[in-house]
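Asks:
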Amino acid sequence: WSLGLNLSVPLYDGGGRTLDRIEAASRLRQAEEQQRALESNLATQLSQGVTGVQGAEAELLAMRHAVALAREGVAAAQASFEAGMATNLDVIDANQSLFEAELGLVGLQIKLDLAQLQLAHAVGLFDPLRQGEVGADPASQR
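Residue numbers (the numbering used here): 7 to 148.
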């Protein structure tokens, strides 16, 4: 009977293990830096989204007040016209002002809707590339 054991251990591998360790550390640092950049980008998007929604809501509130004032102006111009104290041109001007205010109101509503969608996208509730899934569960979009 004969039994033998053969063990082979390289004494020098040309620096391969050291190089592998250095490369792995470098890849780890790159991944950490990418993670920090993504976190910073997300924080910026969230901040801008919240600010955009708040600003659009404030503008919309002010424009609603302007529309109400324009409607009052139309009513006053019509009453003055019927009383003979204003011309038809005054009524037309008041209606034009009301039209412009209502048009501005629609534009601001669109701006608010867009700001809300951008915020929803930033928090992961809306993916514009997936059609038909607005408001869907974020877990189902992954």
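No residue lacks a Cβ here, since even glycine has one placed at the ideal position from N, Cα and C. Nothing here was measured: the structure is a model prediction, and the numbers come from that model.
In terms of alpha-carbon separation, which member of L11, S53, R77 lies closest to Q124?
Replies: Among L11, S53, R77, the Cα nearest to that of Q124 belongs to S53.
Asks: Specify, as a first and last residue, the run of the alpha helix (DSSP H) that M69 falls within.
Replies: Segment 22–88, the alpha helix (DSSP H) holding M69.
Asks: How big is the Cα-Cα spacing for E78 and G113?
Replies: If you take the alpha carbons of E78 and G113, they lie about 21 Å apart.
Asks: Q60 to L67, Cα distance in whole Å?
Replies: Roughly 11 Å between the two C-alpha positions.
Asks: Which of the three DSSP states, helix, strand or coil, is assigned to F132?
Replies: Looking at F132 - three-state DSSP - the assignment turns out to be coil, as it is neither helix nor strand.
Asks: Spatial neighbours of A30 within its chain, please: C-beta separation below 7 Å, excluding the five flanking residues on both sides.
Replies: Taken in chain order, the list of residues that qualify is empty.
Asks: Since Q84 and V73 should fall inside the 8 Å C-beta cutoff, what is the C-beta to C-beta distance between them, to a whole number of angstroms?
Replies: Their Cβ separation, rounded to whole angstroms, is 17 Å, which puts Q84 and V73 out of contact at 8 Å.
Asks: Tell me which residues share the same chain as N94 and place their Cβ nearer than 8 Å to its Cβ, disregarding the 5 neighbours each side in the sequence.
Replies: Contacts found: F87.
Asks: Cα separation between Q40 and L34?
Replies: In a straight line, the C-alpha of Q40 is about 10 Å away from that of L34.
Asks: Straight-line CA distance for N101 to V80?
Replies: When rounded, the distance between both Cα atoms is 6 Å.
Asks: Would you kindly check if the distance between the Cβ of L118 and the Cβ of A76 is under 8 Å?
Replies: No; because the gap between Cβ atoms is not below 8 Å, this pair is not in contact.
Asks: Please confirm whether M69 and L111 have their CB atoms less than 8 Å apart.
Replies: Cβ distance < 8 Å, so M69 and L111 count as in contact.
Asks: To the nearest angstrom, how far is it from the Cα of A64 to the Cα of Q115?
Replies: Approximately 11 Å between the Cα atoms of the pair.
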